[in-house]
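In our numbering, the protein residues as written are 12 to 89. Ideal placement from N, C-alpha and C gives every residue a C-beta, glycine not left out. This report concerns only the one structure given below.
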């Protein structure tokens, strides 16, 4: 994968669009996983499945960090 500084402005916009979609999907999945895990915790008690949203949180944070870097690169280029 190319560095952000090596991509054209159009490629950066495309990367930003796809990263925004992925980050949104991850947040949606995390929210639904959290709701299901809370429901299961109240119904059956604590289990390993209760912690799944916490384990997947770094993936979502990585997407938002990448989105932040893309925005900074676009701002740098004007």
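- Residue 74 counts as buried, since no fewer than 16 other beta carbons sit within 10 angstroms of its beta carbon.
- Nearest Cα to residue 60 within the set 81, 84, 41, 77: 41.
- In the structure shown, residue 37 falls within a helical segment according to DSSP collapsed to helix, strand and coil.
- Assigned with DSSP and collapsed to three states, residue 49 falls in helix.
- For the pair of segments examined, the region 67 to 82 was found to touch the region 31 to 38: the number of CB pairs separated by less than 8 Å reaches three.
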